[in-house]
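Below is one structure, written out as structure tokens, with a few remarks after it.
Chains as they are written, first to last, in the working numbering: chain V, 1 to 257; chain W, 258 to 389.
Structure, rendered in structure tokens:
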């Protein structure tokens with residue numbers, strides 16, 4: 001009888017410990033400085049309340065970049081039969097790039113979340129983007145929904161692999177690009193994102209795009225590391241382009257990531 | 258000289274935006290505005306369009322003959338302003354304040370359309386929003 005009680009108590013302790021361990025996941029919640037697409041900016045406060053935003057003389061330390069600093073660019077590799085189409089879209093990207101017309105960027109072009117709300121059974125990703133304020137719901141250990149139509153940022157589900165949050169997204173329209181330079185995709189695009197914390201508490205985001213119909217191989221983006229931000233995100237003002245009608249040529253600049 | 262200025266400006270704009278993320282449009286500013294010549298306007302702000310992907314300031318400029326022309330002046334996105342600590346209210350300045358804008362005219366011949374490089378306020382403080 002004593003032994004049975006002891007074993008029962010031991011089992012309960014083990015179960016409790018197991019449950020506790022199962023819940024000890026990294027806390028990814030918070031606002032993250034992914035540069036918001038402007039990580040290269042090192043604005044300077046000058047004398048007399050003046051402010052320099054671009055073209056400012058930069059101290060060496062500032063020039064190295066903060067949140068959103070990127071390694072060498074990575075671009076998807078297309079199958080031979082699609083490379084001409086990509087080259088054509090690249091050449092005409094001022095006319096063709098959906099983001100220039102204020103459409104949602106899609107994945108993985110949207111990049112890492114600007115804010116993460118973490119619950120036991122789901123995540124909410126929030127974005128303050130030039131194209132608009134976006135949100136993504138990421139239920140954990142769920143099945144993909146079959147009752148919704150394809151959308152710009154698709155249907156996401158998540159699960160933990162160790163200390164890494166994995167997020168798989170499908171059901172995306174083919175109206176978006178993977179990145180700049182004519183990187184089109186099909187409706188069969190599948191994107192897997194990996195989110196984890198670095199040793200110093202920053203958010204690391206890596207995405208891989210799978211579209212075997214057109215890509216020679218899955219495209220794994222360079223990891224992006226975003227430190228905790230000390231500000232709150234705000235609603236993006238509406239995106240209303242007025243420039244494109246005034247373009248006199250199709251010049252564009254590189255925008256690698 | 259003009260060509261060299263143009264190339265330098267294009268290079269500056271390119272390098273400034275090269276590290277930008279997915280949220281930034283990536284057409285060239287030099288594809289819309291004439292980077293070969295910098296102009297200056299003085300006037301009062303009548304309206305601000307705080308929109309993406311570019312903000313716009315409407316500037317009422319008094320002509321030599323006393324008539325007033327409203328210029329639409331394009332600038333950087335709201336998020337860039339915010340990252341630099343510049344709010345819409347700061348851009349607005351004091352009511353009726355005469356400000357000076359240094360900028361670039363549209364290349365396509367559109368009248369009264371320009372791109373802002375620097376805004377200078379009556380007390381001398383300024384915001385350098387872009388460079389040429």
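All C-beta atoms in this analysis are idealised placements derived from N, C-alpha and C, irrespective of residue type, glycine included.
With DSSP run on the structure shown, which of helix, strand or coil describes residue i?
i	result
residue 31/V	strand
residue 79/V	coil
residue 386/W	coil
residue 66/V	With a pLDDT of 43 at residue 66/V, under the threshold of 50, the modelled position of that residue is not reliable, and the figure given next carries that caveat. In this structure, residue 66/V counts as coil in the three-state DSSP scheme.
residue 374/W	strand
residue 248/V	coil
residue 348/W	helix
residue 49/V	helix
residue 178/V	coil
residue 117/V	strand
residue 360/W	strand
residue 287/W	helix
residue 379/W	coil
residue 341/W	coil
Give a yes or no on whether 7 Å exceeds the smallest Cβ distance from residue i to chain V.
i	result
residue 340/W	yes
residue 363/W	yes
residue 238/W	Lying outside 258 to 389, the shown extent of chain W, residue 238/W is not represented and no answer is given.
residue 316/W	no
residue 288/W	yes
residue 298/W	no
residue 309/W	yes
residue 384/W	yes
residue 285/W	yes
residue 387/W	yes
residue 295/W	no
residue 326/W	no
When you compare each of the options to residue i by their alpha carbons, which one comes out closest?
i	options	result
residue 219/V	236/V, 186/V, 195/V, 178/V	178/V
residue 108/V	94/V, 180/V, 247/V	180/V
residue 284/W	80/V, 92/V, 129/V, 145/V	92/V
residue 287/W	374/W, 385/W, 341/W, 378/W	374/W
residue 368/W	376/W, 328/W, 355/W	328/W
residue 100/V	112/V, 132/V, 77/V, 127/V	132/V
residue 194/V	170/V, 165/V, 112/V, 243/V	165/V
residue 153/V	159/V, 224/V, 120/V, 170/V	170/V
I'd like to know whether the C-beta of residue i is nearer than 7 Å to at least one C-beta of chain W.
i	result
residue 182/V	no
residue 49/V	yes
residue 191/V	no
residue 292/V	Missing from the structure shown is residue 292/V; chain V here goes from 1 to 257 and no further.
residue 240/V	yes
residue 61/V	Bear in mind that the predicted position of residue 61/V carries a pLDDT of just 47, short of 50, making it too unreliable to give a figure here.
residue 247/V	yes
residue 167/V	no
residue 243/V	yes
residue 206/V	no
residue 64/V	Reliability of the predicted coordinates at residue 64/V is poor, the pLDDT of 39 falling under 50, and the value obtained from them is presented with this limitation in mind. No - not a single Cβ of chain W is within 7 Å of the one on residue 64/V.
residue 251/V	yes
residue 53/V	yes
residue 41/V	yes
residue 237/V	yes
residue 225/V	no
Starting from residue i, follow its DSSP beta bridges and name the residues at the other end.
i	result
residue 204/V	196/V, 225/V
residue 315/W	304/W, 329/W
residue 155/V	170/V
residue 239/V	309/W
residue 129/V	132/V
residue 122/V	139/V
residue 183/V	Answer by DSSP bridge pairing: none, since residue 183/V is not bridged.
residue 367/W	Answer is none; residue 367/W lacks a bridge partner.
residue 215/V	78/V
residue 165/V	160/V, 195/V
residue 297/W	359/W
Practice task
Jot down the residue ranges of each uninterrupted alpha helix (DSSP H) in the stretch 83–114 of chain V, minimum 4 residues, whole runs only, in chain order.
Solution key: 93–96
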